[in-house]
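With mature numbering (1 follows the signal peptide of the UniProt record, and there is no 0) applied, the sequence shown corresponds to residues -19 to -1, 1 to 420, in that order.
Every residue gets a Cβ at the ideal spot worked out from N, C-alpha and C, and that includes glycine.
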Amino acid sequence: MKSTLSVVGLLSLAIATQAELMRFKLQRTNVGYLHSSFHEYDDLAQKEFGKLSRSHDHRNYGQFSHLGGHDLYTMDISLGSPGHIFNVQIATGTSSLWVPSSKCSSPTCRLHPQFNSSASWSFHPLEGRFNIPTSNPYNHHHHHHHHHSCEQRVKGELSGTVGEDTLSIGGGVIEILGQSFGEVVQEHGGGLKSALRDGQVDGVLGLGFDARAATGRPFLLNLVDQDLLQRAVFGVYLSRHDGDDEGDDEGTIRGSQLTLGGLDPAHRLVDIQWHEVTRTAQGQWTIELTAFALRREAFEIDGQAVIDTGFPYIALTRYQAEMINLQIGASETSPGSGMYELPCRSVPTLFDFIILFGLEEYQLKGHEYVLRPTSKDDGRSGGAERLRRTRKEMCQSAIMGMDFSKESGVIAVFGQVFMRKYYSAYDLEDHKIGFALAS
Ligand SMILES: *[C@@H]1O[C@H](CO)[C@@H](O)[C@H](O)[C@H]1NC(C)=O
């Protein structure tokens, strides 16, 4: 690993003596209001898993603004030589890597670092363009090497050029030569602003393993190809509370982190339960969802669930989400939105939400699957007003309804709400995903 040698002076002892396990701290940022998150699953999650229909009405946004926010977990990456830094979201639900291009002149692009290929001596352009539709993905896979016409001009879309350059993370702990990525040059339908979470992140680093990803060979496959991992395994720990991410000791990371080449025993309480990945041919981190239940109401199902660190909630089919949310006394925020709210005061009395992956059982408590309005939101009102609001304060159910196309083969998405409770482990060698109660 020559890259490790070249920066050995910068490495902490812990990393130098445990070359097989590389730890990378993830930054956690709270995204205040739900209208941001609405943009998000509108454009990012729906792009990956769903079919957008009724919820596409922008007039609805205002109605969500009093509801709770969620968090983003991001990491700095460097692209090019000399390196250009981008703060990207880590998403196991996609295999693409993209950042804004200096060729992009939209106001949204200008708010972010922009990759300038002429300024990097190690850059190589690739043929073709990439195109990431923001809705209904499984009906039309776009690949950068396939020329495609405009037969599907979907609303909300990112497009641009594809190239290869040096990617490094952790200040050079890992350096990949010739990493393919997409430079976003154009956006349609506000796709970029929402994909960048209203300006909170600069791009997305997909941890999927689809060799035909829209922006070229994925990061994870390159790590393996270039022999940069002791084992083709990685783990993700997402901290439960904001404060957890402060005060790292030397060599250890207390807060949210990504480990490459191994798993971190410090962030789990029990052994990992493993589940076979079901859609290996598609390069997707999916597992079998067998059933879920709330009290005595159990739903036996048989389908694939995507495990996505880049998705804030748990998405089920619209029908199932409706059933579950009715049971907890939550009502849809507006018809067809797929989002549900309930009075915060009922949270302590809620039943556990039980999930069966294969035959293993996982449980989320009421306060784990219902999100409170963030303190950021609270700060806007003073004493008496705050008291009044607390009494009838509404919380957001993290179980949302989404349309899944038949072609996608997917019927659920498990995101950060689940991973704050369960450490998640991804094994590319044996095609397994594992979970263990996080500590
Ligand atoms: C990109 O870099 C080149 C070479 O350094 C420079 O001449 C050009 O102005 C840059 N373009 C933008 C849009 O910043």
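At a cut-off of 8 angstroms, would you count residue i as near ligand 1, judging by its Cβ distance to the nearest heavy atom?
i    : result
Q265 : no
N97  : yes
S62  : no
A379 : no
S83  : yes
A176 : no
A274 : no
A100 : yes
Span of the beta strand (DSSP E) holding residue i?
i           : result
Y343        : E341 to L345
Y54         : H51 to L60
V391        : V391 to F395
L241        : Q238 to L241
residue 421 : Here the chain covers residues -19 to 420 and nothing more, so residue 421 does not appear.
L337        : F334 to F338
F215        : V214 to Y218
G170        : Run containing G170: none; DSSP gives neither H nor E here.
P81         : L78 to P81
Sort out for me which residues DSSP pairs residue i with in a bridge.
i    : result
C376 : L323
K413 : E257 and D408
R110 : T142
G187 : A72
S103 : DSSP output for S103 lists no bridge partner at all.
M304 : DSSP output for M304 lists no bridge partner at all.
According to the neighbour-count rule (16 or more other Cβ atoms, all chains shown, within 10 Å of its Cβ), is residue i buried or exposed?
i    : result
Y407 : buried
K387 : exposed
K174 : buried
Y321 : buried
I380 : buried
S420 : exposed
W102 : exposed
D191 : buried
P81  : buried
Specify, as a first and last residue, the run of the alpha helix (DSSP H) that residue i falls within.
i    : result
F5   : Premise fails: F5 lies in the beta strand (DSSP E), M3 to K6, not in any alpha helix (DSSP H).
T89  : P88 to R91
Y294 : Careful: Y294 lies outside any alpha helix (DSSP H) and carries neither H nor E.
L201 : F200 to D206
What residues in its chain sit with their C-beta under 6 angstroms from that of residue i, if we drop five residues either side in the sequence?
i    : result
Q167 : S140
L158 : T147
Q211 : E1 and G242
Less than 8 angstroms between C-beta atoms, sequence neighbours within five positions excluded: which residues of the same chain meet that for residue i?
i    : result
E303 : E313 and G382
P329 : G347 and H348
Please return the same chain residues whose Cβ sits closer than 7 angstroms to the Cβ of residue i, not counting the five positions on each side in sequence.
i    : result
V182 : L53, T55, N68, V69 and Q70
Can you tell me whether residue i sits near ligand 3, meaning its C-beta is under 8 angstroms from at least one heavy atom of the ligand?
i    : result
V328 : Because ligand 3 does not appear in the structure shown, any question about it cannot be addressed here, the ligands present being ligand 1.
If we cut at 9 angstroms on Cβ distances, does residue i have a partner in chain D?
i   : result
R91 : No chain D is part of this structure, which consists of one protein chain only.
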